[in-house]
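Under the working numbering, the first residue of the sequence shown carries the number 2, and numbering increases by one thereafter. Glycine residues also receive a C-beta, built at the ideal position from the N, C-alpha and C atoms. In this text, all values refer to a predicted model and were calculated from it rather than measured experimentally. The structure under discussion appears below in the form of structure tokens.
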Amino acid sequence: MDTLNRLKARLATINDLDSAQALLGWDQHTYMPRGGLEPRVRQMATLQRLSHELLAAPETSELVSALEARLGELEPLDARLVVVTRRDLDQAVRLPGELVQRKSEATGRALDSWMINKPLNNFEAYRPHLEEIFTIVREEADALGYPEQPYDALLNRYEPGLLTSRLQAIFAELGAGLVPLARQLFERAERVDDAFLYQAFDPQAQWDFTVELLGALGYDFNQGRQDKSPHPFTTGFGIPDVRVTTRIHERDFRAGLFGSLHEGGHALYEQNINPAFDRGPLAQGSSLGIHESQSRLWENLVGRSRPFWNRWFGEVKHRFPAPLEGVEFQRFHEAINRVKPSLIRIEADEVTYSLHIFVRFELELELLSGRLAVRDLPEAWNQKMRDTLGITPPTVAEGCMQDMHWADASVGYFPTYALGNLYGVMIFNQARQELPDLDEQISSGQLAPLKDWLTEKVYRHGRSQDPAEILRQATGRELSPQPFLHYVREKYGEIYGLE
Ligand code: ZN
């Protein structure tokens with residue numbers, strides 16, 4: 002067997018181990034009984050170890066080196082496979098085994114402490130764990146190496162090729178437009194009455210509606226399924242078996258509806274990756290930012306738009322007659338687009354969402370550099386919330402302990418949420434240019450042309466292109482916050498009657 006095929010066979014085995022691990026994880030968060038946790042953690046750790054050993058083995062590196070020596074002779078997608086594998090390999094071998102082990106144990110303890118102490122608002126009990134996490138993350142950054150600053154190494158894991166300095170410039174430009182706009186909208190918040198969204202919506206009818214909408218998006222239920230979990234997520238076990246979860250709240254109609262559209266966007270991406278990439282490292286999204294652009298495109302740019310509700314408003318009135326009695330189209334559209342300062346990131350609207358990300362990103366930089374001590378985090382968090390959103394969290398559960406990402410050592414992850422908003426608008430604007438009837442199609446419930454366009458420009462490429470390349474070949478442009486700012490000014494200016 003030639004070198005390339007031997008590498009592909011090895012990567013396929015690694016991918017099978019990872020898919021099996023993902024399936025165990027899916028079960029853990031959906032159907033597993035509580036008592037299953039101990040054996041489940043062991044099983045997943047074993048698969049993780051076997052996968053890591055195979056990737057980090059000298060034989061893998063030898064195969065990659067041999068192929069790197071004749072990269073120019075390979076088909077472009079095979080050459081890309083070699084480049085991506087080298088990247089994964091470097092990540093896997095640069096981290097000393099001792100550090101990986103220490104991180105695994107520390108995150109286990111930190112997550113446990115976070116789960117126990119968040120509801121108790123006990124930051125002091127959680128603090129030593131978070132201190133240990135940031136010590137470990139600093140060591141990881143040093144072991145991985147970076148071009149300019151330690152944060153680059155962490156960001157690169159989620160958004161390959163983006164430097165912290167460039168991200169800071171993009172966020173500064175985004176904030177300069179977003180903060181004053183948010184202030185203006187907050188002043189007019191009483192203009193929008195969304196109280197009806199929090200009445201009782203029959204849970205089964207909500208569930209049925211999310212299933213119907215997923216089907217309308219083009220999510221393929223023959224190659225996936227939706228289940229319930231407390232924190233919605235999307236996970237795949239090889240193309241095209243991609244599962245989504247949602248949560249239904251009887252008294253918050255937005256949770257299930259927009260949660261399903263969001264995860265449906267992630268799933269459309271993964272179900273439509275080039276099948277030739279299956280069982281290999283290219284069978285994933287380009288980056289977390291590009292992935293998030295697709296969830297937010299379907300959730301917000303489609304799912305919170307007028308054209309979308311032209312098709313679905315009659316349907317939603319028919320399915321939920323009591324809570325929507327007397328609610329007209331205009332009021333419904335305004336309510337699902339209400340902008341208000343909120344304490345909790347995952348409940349934030351399109352305009353304020355990125356402001357929540359700024360808070361976390363700036364604090365991560367300060368904690369990583371040591372300019373901020375973990376013990377001073379709660380007050381620093383509250384100060385930044387006052388500066389950006391004008392509100393102060395009354396508790397740490399609604400403040401610096403609200404997200405699990407830091408306990409999981411996922412530092413450098415948060416920015417990809419805001420990047421998703423920026424990529425999403427740029428990609429959607431281009432779709433609108435190339436599909437002149439897009440609004441009419443969405444209004445009549447035809448979403449296939451958009452899905453097909455996105456498949457061609459984004460989905461099918463998987464990880465064979467970096468985020469900047471995806472954006473460039475789809476839109477001809479470099480990443481900029483201006484299209485997003487233009488979008489929110491226009492949309493919310495109209496809803497809130499701004500000049
Ligand atoms: Zn998402």
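Where the beta strand (DSSP E) containing Lys-341 begins and where it ends: By one-based count along the sequence shown, residue 341 stands at place 340. No beta strand (DSSP E) holds Lys-341; DSSP gives it neither H nor E.
Local conformation of Asp-350 per DSSP, three classes: Your numbering for residue 350 matches position 349 in the sequence shown. Here Asp-350 sits in coil by DSSP.
Contact test: Glu-69 Cβ vs ligand 1 heavy atom, cutoff 8 Å: Here residue 69 refers to the residue found at position 68 of the sequence shown. For Glu-69, the shortest separation between its Cβ and any heavy atom of ligand 1 does not lie below 8 Å.
Residues with C-beta closer than 6 Å to any heavy atom of ligand 1, in chain order: His-263, His-267, Glu-293, Ser-296
Leu-182 and Val-426 closer than 9 Å at C-beta: The sequence position of residue 182 within the sequence shown is 181, counting from 1. The sequence position of residue 426 within the sequence shown is 425, counting from 1. No, Cβ-Cβ distance for Leu-182 and Val-426 is not below 9 Å.
Own chain, CB closer than 6 Å to Glu-271, minus 5 neighbours either side, in chain order: Here residue 271 corresponds to residue number 270 of the sequence shown, with the count starting at 1. For Glu-271, where only same-chain residues beyond five positions count, the Cβ hits under 6 Å are Gly-237, Val-243.
Same chain only: Cβ atoms within 8 Å of Leu-105, ignoring 5 sequence neighbours per side: To locate residue 105, count along the sequence shown from 1; it is residue 104. Reading off the sequence, residue 105 comes out as Ser, not Leu. Taken in chain order, the residues that qualify are Ala-46.
Val-245 in three-state terms, based on DSSP: Here residue 245 refers to the residue found at position 244 of the sequence shown. The answer is strand: DSSP assigns Val-245 an E or B state.
Short Cβ contact (9 Å threshold) for Val-212 with Phe-222: Translated into positions along the sequence shown, residue 212 becomes position 211. Translated into positions along the sequence shown, residue 222 becomes position 221. In this structure, Phe-222 lies closer than 9 Å to Val-212 by Cβ.
Given 8 Å, three or more beta-carbon pairs between the stretch 52–61 and the stretch 27–34: Touching, no, given that fewer than three Cβ pairs across the two stretches are closer than 8 Å.
Cβ neighbour criterion (16 or more within 10 Å) applied to Ala-419: As a position in the sequence shown, residue 419 is number 418, starting the count at 1. Buried is the call here.
Exposure label - Val-303; buried when at least 16 CB within 10 Å: The residue given as residue 303 occupies position 302 in the sequence shown. Classification of Val-303: buried, given that the 10 Å Cβ count is 16 or more.
Neighbourhood of Asp-279 by C-beta distance below 7 Å, restricted to the same chain and skipping five residues each side: If you number the sequence shown from 1, residue 279 lands on position 278. So the qualifying residues of the chain are Gly-239, Ile-240.
Limits of the beta strand (DSSP E) - the one that Gln-227 falls within: One-based indexing of the sequence shown puts residue 227 at position 226. Where Gln-227 is concerned, the enclosing beta strand (DSSP E) stretches over 227–229.
Test item: CB-CB of His-267 and Arg-248 under 9 Å: Within the sequence shown, the letter at position 266 stands for residue 267. Within the sequence shown, the letter at position 247 stands for residue 248. Judged by their CB atoms, His-267 and Arg-248 are not nearer to each other than the 9 Å cut-off.
Contacts around Ala-349, its chain only, beta-carbon distance under 6 Å, and the 5 residues preceding and following it disregarded: For the purposes of this step, residue 349 is identified with residue 348 of the sequence shown, where counting begins at 1. Spatial neighbours of Ala-349 in its own chain (CB-CB distance under 6 Å, excluding positions within 5 residues in sequence) are listed in chain order as Ser-343, His-357.
Inter-stretch contact (C-beta, 8 Å, three-pair minimum) for the stretch 114–128 and the stretch 79–87: The way I'd put it, the stretch 114–128 doesn't touch the stretch 79–87; fewer than three beta-carbon pairs between them come closer than 8 Å.
For Val-65 and Leu-25, believed in contact at Cβ under 8 Å, the rounded distance: Your numbering for residue 25 matches position 24 in the sequence shown. Your numbering for residue 65 matches position 64 in the sequence shown. 28 Å between Cβ atoms; not a contact.
Sub-9 Å separation of Asn-275 and Leu-283 beta-carbons: Sequence index remark: in the sequence shown, residue 275 carries index 274 (1-based). Sequence index remark: in the sequence shown, residue 283 carries index 282 (1-based). A contact, by the Cβ cut-off of 9 Å.
Closest residue to Gln-447 among Arg-361, Trp-313, Asn-422 (Cα-Cα distance): Position 446 of the sequence shown, counted from the start, is the residue given in the question as residue 447. Of Arg-361, Trp-313, Asn-422, the residue nearest in Cα terms is Trp-313.
C-beta atoms of Gln-295 and Leu-455 nearer than 9 Å: Taking the first residue of the sequence shown as 1, we reach residue 295 at position 294. Taking the first residue of the sequence shown as 1, we reach residue 455 at position 454. Yes, the Cβ-Cβ distance between Gln-295 and Leu-455 is below 9 Å.
Exposure label - Glu-470; buried when at least 16 CB within 10 Å: In the sequence shown, counting from the first residue as 1, residue 470 sits at position 469. With fewer than 16 Cβ atoms within 10 Å of its Cβ, Glu-470 is classed as exposed.
Contact between the stretch 361–375 and the stretch 137–151 (3+ Cβ pairs under 8 Å): yes
Among Ser-465, Leu-179, Gln-205, nearest to His-250 - alpha-carbon criterion: Translated into the one-based positions of the sequence shown, residue 250 becomes position 249. For His-250, the nearest C-alpha among the options comes from Gln-205.
Residue interval of the alpha helix (DSSP H) (run including Gly-257): For this step, residue 257 is matched to residue 256 along the sequence shown. Run containing Gly-257: 254–272, per the alpha helix (DSSP H) assignment.
Expected contact under 8 Å - CB spacing of Arg-189 and Tyr-497 to nearest Å: Taking the first residue of the sequence shown as position 1, residue 189 is located at position 188. Taking the first residue of the sequence shown as position 1, residue 497 is located at position 496. About 5 Å; that satisfies the 8 Å criterion.
Contact belief for Pro-416 with Leu-145 at Cβ below 8 Å, rounded distance in angstroms: Indexing the sequence shown from 1 puts residue 416 at position 415. Indexing the sequence shown from 1 puts residue 145 at position 144. Going by Cβ atoms, the distance from Pro-416 to Leu-145 rounds to 17 Å, so no, they are not a contact pair.
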